[in-house]
Structures are given as structure tokens and as C-alpha cells.
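There are 2 protein chains.
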Amino acid sequence: MSEITAAEALLRTATAAGADVCFANPGTSEMHLVAALDRVEGMRAVLATFEGVCTGAADGFGRMAGRPALTLLHHGPGFANGIANLHNAWRARSPVVNLVGDHPDRHLPFDAPLTSDIVSLASPASDWVRRPGAAKELAPGMAEALATAGEQPGRVATLIVASDLSAEPVAGPAAPRTPAPTPEVDAARVDAVAEALRDGGSAVILLGALGMTEPALHAAARVAAASGARLVAETFPGRLERGGDLPVVERLPYFPEHVLQSLESARHLVLAGAAEPVAFFAYPGLPSRLVPDGCTGHVLAGPREDAAGALEALADALGAPAEPPLPSVAPPGRPSGALDPPSLGAALAAVQPEGAIVMEEAATSGGPWFPLAAGAPRHTYLGLTGGAIGQGLAVATGAALACPDRPVIAFQADGGGLYTVQSLWTQAREGLDVTNVICSNRSYRILQFELARAGVAEPGPKAASLTDLSHPDIDWVSLARGFGVPGERVDQADALCGALERALAEPGPHLIEAVL
Amino acid sequence: MSEITAAEALLRTATAAGADVCFANPGTSEMHLVAALDRVEGMRAVLATFEGVCTGAADGFGRMAGRPALTLLHHGPGFANGIANLHNAWRARSPVVNLVGDHPDRHLPFDAPLTSDIVSLASPASDWVRRPGAAKELAPGMAEALATAGEQPGRVATLIVASDLSAEPVAGPAAPRTPAPTPEVDAARVDAVAEALRDGGSAVILLGALGMTEPALHAAARVAAASGARLVAETFPGRLERGGDLPVVERLPYFPEHVLQSLESARHLVLAGAAEPVAFFAYPGLPSRLVPDGCTGHVLAGPREDAAGALEALADALGAPAEPPLPSVAPPGRPSGALDPPSLGAALAAVQPEGAIVMEEAATSGGPWFPLAAGAPRHTYLGLTGGAIGQGLAVATGAALACPDRPVIAFQADGGGLYTVQSLWTQAREGLDVTNVICSNRSYRILQFELARAGVAEPGPKAASLTDLSHPDIDWVSLARGFGVPGERVDQADALCGALERALAEPGPHLIEAVL
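Those sequence lines, one after another, are chains A and B.
Numbering follows our numbering, in which position 353 of the first sequence is assigned residue number 353; successive positions increment by one, without gaps.
Converting from the second sequence to our numbering requires adding 516 to each position, the first position being numbered 1.
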């Protein structure tokens, strides 16, 4: 093989391993990688005008495609702009490989303006960080990054690429490496859980990670049929299949006192891919660990274990029926009247089409939709996994890239939507079928609740101003137009139904500002 | 003194030390600090809808006010959104104190979704990071943070506040601490430089940090008058006073070959607050250190030393005149014709009013303005110090808060402007007199140059798409409207002059999209 640049070898290694999309916001140090993109067929380059869009889109792509997307980012500060959504991706266990350009070794001691400690920045939200020291190590580094990211569930791998190395000639790409297999759960653990469930006490199966796939849900429904256990998903699932003829799964509440209430009657809490429930935030007088006294926790499968296989084995051990009963949930009706969280949720649940992917970061406006949509056609739910608000529009962007034949709905709170509002431009450029529904309550409503929880019954003017998004109101339709996305504003439930139907019927992205 | 919460004690410590603005994007863990803001007079709370606006605004405030502003940010991911502009602030040696909320110690082991390693994230762009372990340490921590940040030049200090501590009662605020004084330069060093300058060879005085204040410039002009030395500012000054009757100072070029060319004839390079010039990026065949062979470097004052005092002592040692000759630069004329970088720069230079603060992040569109504006009335120049694009609109926002009586102009490239476009909303809410001039060339033009420098004469479609901001064009006037800022679009130089005059005459923020 004739020599190619290390940049080209790295990208050829990626395509050979099945990676085919790169969400990029490059700079000078990444120019050899940018140039190599044109020499490597099968790697799509998608520009975002802010790095949080890149990492969020890679997260959405990874959740839906089940394989890593690449990001291409510029030095420590450019990478840093992507950290918040990378944190969400890491918490979602999404497969993501970041390529971060850096100065050559010889240049680092001179402390040029962009010099920063990229390893320190990358480590908190990466499972794997490497900075190869030679050109010939770039392609093998990519192979290892992809194998690491490509485990099931996925991981975040960050490969730091010194700019001089990517221009050097190397012999060729590296061979793809096989990701480590997902550990299976041994029979003894399954039998122990089966014995606990047979004792007749009330049980909850808490589903997370690989316990939320379609096969896992089918097995979980068999377990529920045999044991009477409730099926509950973790509060912020990375990806949950639901609707249609899929089993109905509750979602664990958000506030710790509500979690404890929800689990109050449970004698057994069986973790199937989920971690033990913990409080999102610590509050005085409330515990961090949210397993009530008198409830015994059982780890059927941890978040990195084969929860689907374990649930199937558990169902068999319990002698469960092969075909559990189908759910019977009334299809949601079309609401009317002024928009509020219940009517907004009802409108979305009533109109969302078969196969929709719903990225929900609707915060206080989103609650009512979840139970209503259990009666909607089959759809995929994507949640805000890491608590770093501002992923919704970006994750929806990546999900639409991964699944061009499925309608994507970004069900988005207005406050969170502003963090990566630049996603709209990438949606427009790529012509993605994303319907962005902005829940415009013109406040950080959750913080108004949290102020009250912190004992502030009557916020003063400064506290009020810091939780308020009016003065001036954000005009989302103009923001959308600015980024090349058509938009409309509604404040009635039936108008929202109509706007959703129009947006979903037309190709390309749309934005609906739903004023609450 | 009766007991107050640690949050209130912390804020009272801050106001007692002279801090009076907090740029905030808080979340649940910061609610006690938010509530305390209303109990502490003299601390203004300014909401931004993205954290990069907070850190950029704190940078702009610090550069203009000369004292630290606070930021209030939410956990590691919220802080991370502010890192890029904090990197710029750190490189600018701006005084900034970040308050970052975190979980209580008792909650950290449970690895709740927002848990992350804040110290690892904060260290690369902070001079000082602390996470007090007890409530009584919060106010003293703030006193130490402010004393550290308040050195001249400034530093970045990051105080991580566990949410439970801020609610606890403490005895009261901590006493303010005095920042360490700026080290003076000893006579021997001054004499050595004087001797070098007296040898008659061509010399360049490279000005940076405290060498760019008005007294420093006056002293530098005396040195120049006595020695014939050229006065040159570093490529990306944090803050440079210029125009009117101030000495004319060149700026070091950007590309390394141009820097070497600019310094080619110099036998002596005297550093007065500036670091030795280094290449912004490393290029094959070009050195990192940009001091030509045959040119001797002399450190008169390092970036953290009293460069103004050293320049004054140097002028005296050289027997320089007390009043150096006033500059004679022709006032810029009003241009006409289609907009391009020269006519755009000429329009701005011709119209910018006395006392303007010009935050320039105009990239390839900005070059011609700098020399033309030497003939404009007195103004302050703020540069992109750390190379993390996306500071301009945010720094302008903070500068306007610091100097409500001065017109602020954000002279901003379109690509960079998108990173913290949310700044416009804060400008609108606070009614700030910022004229945002967006240089809309609809590309990352600098990267098109860099591709060519990397040997890509004819970019392929992917490389072309990654440096292009059209398809669709960004409609900046709609973006501005979306954030509550009036805007207009111009593509002719005389129309730009008129638009600038209108915007500068009206109170509140404006945006002008200058299509190139």
C-alpha cells in the first residue's frame, strides 16, 4: 500500500469499523483531518456552529444508531464547549469518539494562546483519553477508541491529535478492533432474584440501560405477568422503547420524596440495567439513596451487564408465559383550550406518528405527556440523562441523522433550548425532519419550585429575575428564522395539534413555539 | 452579630471587597446563593441564558472595571459551558471569581447524574481553585478568591460551593484581604535595557498587560522619542488604550512569517508586559519562538510585573523628554461602495465616537480597521486573548455593564458570534448600550486560508462545507429580534456609517449585520 497521511489512515480506520458520521466544528489544528475527509468515502461531515451541538448530536446519533459517531473539535476550549452534552452522552452510555486537535509537542512549551490541559478537561466525561505521541499511533488509537466506545452499552472515548502528526505519512489504516462483549449475568444471580420474586411480596423491576431495549421489555413483561411486579424505568432513560403494543412502563419520579413514595409498598427492588435510585439533588432531611426501609434491593443486571438476557432468564426461571398480555391503554384524545402542561402533553401524544423519536427535555412542561403517550403508537423516548440542560435540540439533530426515515420530535423547554439553539442551523443545512416544540413558559420554572423548596416563599426581585426568561420575551419564531428554520407560535391546544400535523407532514425542520 | 447563612456571609464578603456584579446562570444547587442575593445590597445580579455569556461578560467587566466580577454557575457541566471564555479571561489576565455549585460531600459517593470532577474541569483555566469543606470556610474562601483575582494584572479564581454549606448559619462575613502588590522592576534591569537601547540599533518595545495602560503608553512614547524604538503591542491585547492624542502603537501581526518579517530589522526586542512572541499555531518549517536571529530579547517587565513603572524608569534613564511628541494620524474618512474588510474598517473608524470601547473579534474582517482607527478619537481596544472564538458579544456585554457611560461596539465575525449569541438577550434585558456589528462573510474565512496553508489548494466538498456558513445563510437580524434586539442589514459602506450612527445615537443594544 502506498503511503497516506496519518489523518487519512485514522479516518479510514474509522470507516472500516463502521463509523460514518463526523459532527465537526474544526479549527486550524484540524485542517489535515478536514482535508482527509474528502479522501475518505463513507464518512459524512456535518458542520455545527457550536461544539455542544456536535457532542449532543453524536449522543443522539449513538443512542439511535447503536454505533459511535465522531466529533471533531478544536483544542481544549473548543472541546470544553462540548463537555456539557458529552457529560449527558457519558451518563447515557452513548458511544461517542471525540477527535480533539492540539498543538505539536514541540509547540506546547511555548504556551501559545490556545494551549490548555486537554486531558484535564476531557477526563471527567470520558471513559478513555489518549494523546498519541507518533503519527503511526493515530490509526491504532482510533481503532482502540472505537472499540472502547462501541461496547454495549457505549462509552465515551477522546483521542487528542497533535496537528503535526496528522500530516505525516504512514503505511495505512489500522485493523478494526472488536469491542469487549457485554458481560452476561450468571444463573445463580437470576435464581436468587427469582426466589425473591416468588415470595409473593410486592416487587418493582427498575429498568435502565440495556434493560430498556425491545427484547428486554418483552422479557420484563413476562416477568411482570408471572410475578405481578411493576415495571418502572429510571427517571431519565437514555433510550426507552414504548407505545403501541410494547409493555407499559412507568417512570420513576424526579423528586426524592416522590421516589420514596412510589417505592413505598415494594418489598423487592430488582435492578435490571438501572443503578440503584439516588436523589438527583440532595435536600435536607431526605436521603441520597432512595430505597425505602423494608425494601430489599437485588442487582439482576448492572448498567454494563446484559440486562435483556438476564430478564429473559428470569422470566424462564419464573415459568412466565412466552407471550405476555398486550397492554391496553386508551389512545390519547385531542385536547382543546389554552396550552398548559397537560394540554400540551395531550396534543403531542395525540398527534405523534408511528415510529416517532421523541427527545424530551421539557422539564416542568413535560410531565403529563409521558403517561399519555403510553397509548400513542410505537415510539422511542430519549431522556436528559446527565442533568446538563441543553441537549434536546442537539440530540434530536443527531437522532434524525441516524434515522432519516423516522420523524423526530424535540420536546424542549425554552430555558434549556437556548444552550444549543445553534442546532437549528445544522437541522436546516442537513434538511433533517425534526419538529422542535419549544415549551415557552418564559421562565426557569423548575428553579421557581426549587426556590420554594429551599424555603424562599416570596422570592425577592433578584431571585425572581434569575428564574425569569421574560423582559424581553424570547421570540423563538424569529430565532428559528434566523437559523433557516420555518416556525410558528401557538397558545391553544388545537392550534398546537394543527401545527404539529403540518410540521410533521412537511420535509425538513420546523419549530413550534408553544406559549404556556 | 446575629447569625446569617454562609451564602449571605460569602456575598457580604464580596461586596465589602468591592465586587458588585454577579453574572449568573444558576441551578438548584445554587438556590441559597440566589436567595442571599436579595439580602445583600450592592450586588447586582445579571442573568445570562448560557454560561459562556457569564464568563465572557465577567471578562469584559474585569478588563474595564479593573476589579473582579463574580459568575454563578451550576455544577461541572454548567461551569464547562463557561470554560472557553474563561480561558480567554485567564489569558487576558482578567480578574474573575467563579462560584460553582456542587453536591454536598455526603451526596457525592452516590454519583447522582450531575456529579462530575469540577476541580479537573476548573484547573486548566483557573489560577486558584478551592472547595471549602465547612460552612465557616465559605466567606474566608471568597475573601481569598477576591484577593487572588484582584491582583494587578488579574487572575481567575474558582470557588466550588457545596449546596448544603451555603444554607448553614455562620457568625458573619470575612474581612476583605488585600491583593498581593504588583512586583516592581529593579533598577539594574532598567539600566541594562537602557544600555542596550543606547547602542543605536533598531529596537522594538513590545507592549502587553500592564504595559498598555495610559501611563505606560505615555512612558513608552517617551522611550520611543529618546531611542527611536518602535512601539508594538502584542497580537491580541487584552486591553489597549488608543486613538486621540495617545501614542500610535502598531500591533504584532498574526501569522508567524509576518511576525518575523515585522521584527526582521530589530536588533533589540524589549518586552514591557508582553511575553516573548510565539506562533499562534505551529506550521511546518516555521519556528515557535518568533524572535529573529540577530535580535536580542530583553525582559524589561514580565506580564505580571509593573511595566508602567519600568517604562517610566527607562524613559528617565534615557533622559527622555517629559512630554513626547503627539501623534499625527489623519482622521479616517468616510468610505463608500460595497462592503469589504477595508471599507467596513474605514466606516467603523470614521464613525466610532469619543470614548468608545471596541471589542474586536472580527477575525479576517478586522485587519484594516486597526491602523485606521489610530486616527479615531480616544477609545479602548479589547482583543481575543486566548484564541477561543466566541467571546466578543459576551465581553462587550460585561464592558457595557462596567462602563454605562461609554458606547460599546462589538466588532464581531459571524462565525465567532454564534458561540455566545445568547449575549444579545442579556444586552436587551439590561438595556446596555452595545452596538453589535456582525461581519457577515458567511464563512469561517480564516479556515479557508488555513486549508490553503495546509496545502489544500482546491478543497473538496466536505472541507468546503466545513468552512462555509451559508446554506442556509444566517439571518442575523432575525436572531437579534429573537433576543429582543433591534437590527438592520447593510451591504454598502455608506449605509453602514448611517446604521452605526443611528445605533450609537439610540439607547440600548443594536445589531448591524454587515454583509461582506
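Glycine included, C-beta positions come from ideal geometry on N, C-alpha and C.
Quick caveat, the model's predicted, so the values are computed rather than measured.
Check, Outcome
"Listed by chain order, chain B residues near H258 (chain A) by CB distance under 8 Å", "In chain order: nothing, as chain B lies at least about 15 Å away."
"Cα-Cα separation, T689 (chain B) to A552 (chain B)", "It is worth fixing the name first, because residue 689 (chain B) is Pro in this sequence and not Thr. In a straight line, the C-alpha of P689 (chain B) is about 13 Å away from that of A552 (chain B)."
"Within 9 Å of chain A by C-beta, residues of the region 988–999 of chain B in sequence order", "P988, D989, I990, D991, W992, V993, S994, L995, A996, R997, G998, F999"
"Proximal residues of chain B, C-beta to C-beta of W369 (chain A) below 9 Å", "Going along chain B, no residue has its Cβ under 9 Å from W369 (chain A), so there is no contact; the nearest lies around 21 Å."
"Pairwise C-alpha distance: S328 (chain A) and L982 (chain B)", "49 Å"
"Inter-stretch contact at 8 Å, needing at least 3 Cβ pairs: the region 992–1007 of chain B / the region 911–922 of chain B", "no"
"Per DSSP, cross-strand counterpart(s) of C54 (chain A)", "DSSP, once it has assigned bridges, lists no residue as partnering C54 (chain A)."
"is_contact[S120 (chain A), chain B] using C-beta, thresh 8 Å", "yes"
"Local conformation of L314 (chain A) per DSSP, three classes", "helix"
"First through last residue of the alpha helix (DSSP H) which encompasses F280 (chain A)", "Counting along the chain, F280 (chain A) falls outside any alpha helix (DSSP H), and DSSP gives it neither H nor E."
"Distance cut-off 7 Å: R304 (chain A) Cβ against heavy atoms of the ligand SAM", "Among the components modelled here there is no ligand, and therefore nothing to report on the ligand SAM."
"CA-to-CA distance, G914 (chain B) to L762 (chain B), given in whole angstroms", "25 Å"
"Extent of the continuous alpha helix (DSSP H) to which H103 (chain A) belongs", "Here H103 (chain A) belongs to no alpha helix (DSSP H), and DSSP marks it neither H nor E."
"Cβ contact check for the region 21–40 of chain A and the region 372–382 of chain A: 3 or more pairs under 8 Å", "no"
"Beta-carbon proximity of L747 (chain B) to A736 (chain B), cut-off 8 Å", "yes"
"Contact check, R783 (chain B) vs A719 (chain B), beta carbons under 8 Å", "yes"
"Buried or exposed by the 16-neighbour rule on C-beta atoms within 10 Å, applied to T694 (chain B)", "exposed"
"Enclosing alpha helix (DSSP H) for V775 (chain B) [first to last residue]", "772–778"
"Check whether G871 (chain B) and H895 (chain B) have beta carbons under 8 Å apart", "yes"
"Three-state class that DSSP yields for M43 (chain A) in the structure shown", "coil"
"Reduced DSSP secondary structure (H/G/I, E/B, other) of Q391 (chain A)", "coil"
"Beta-carbon spacing of P847 (chain B), A1009 (chain B) below 8 Å", "no"
"Continuous alpha helix (DSSP H) assignments of at least 4 residues falling wholly in the region 630–666 of chain B", "634–638, 654–665"
"Interface residues of chain A facing G903 (chain B) [CB-CB closer than 7 Å]", "P113, L114"
"DSSP-derived helix/strand/coil call for C955 (chain B)", "strand"
"Closest Cα partner of A823 (chain B) within the set B:Q868, B:A655, B:D984, B:A790", "B:A790"
"Per DSSP, cross-strand counterpart(s) of Y381 (chain A)", "A:L240, A:V358"
"CB contact below 8 Å: D1010 (chain B) versus chain A", "no"
"Alpha carbon of L348 (chain A) to alpha carbon of V775 (chain B), nearest angstrom", "59 Å"
"7 Å CB neighbourhood of M1 (chain A) in its chain, flanking five on each side removed", "A caution first: M1 (chain A) carries a pLDDT of 49, below 50, which makes its placement in the model too unreliable to give a value."
"Interface partners of H103 (chain A) on chain B, CB under 8 Å", "F797, A798"
"Nearest-angstrom beta carbon gap, V616 (chain B) and P584 (chain B) [assumed within contact, 8 Å]", "Not quite, the Cβ-Cβ distance comes to about 15 Å (not below 8 Å), so this is no contact."
"Closer than 8 Å at the beta carbon, the chain A residues around R607 (chain B)", "P113"
"Proximity of T364 (chain A) and I446 (chain A) at Cβ, strictly below 8 Å", "yes"
"Residues of the region 664–694 of chain B with Cβ closer than 8 Å to any Cβ of chain A, in chain order", "S679, D680, A683"
"Burial state of A1021 (chain B), where buried means 16 or more other Cβ atoms lie within 10 Å", "exposed"
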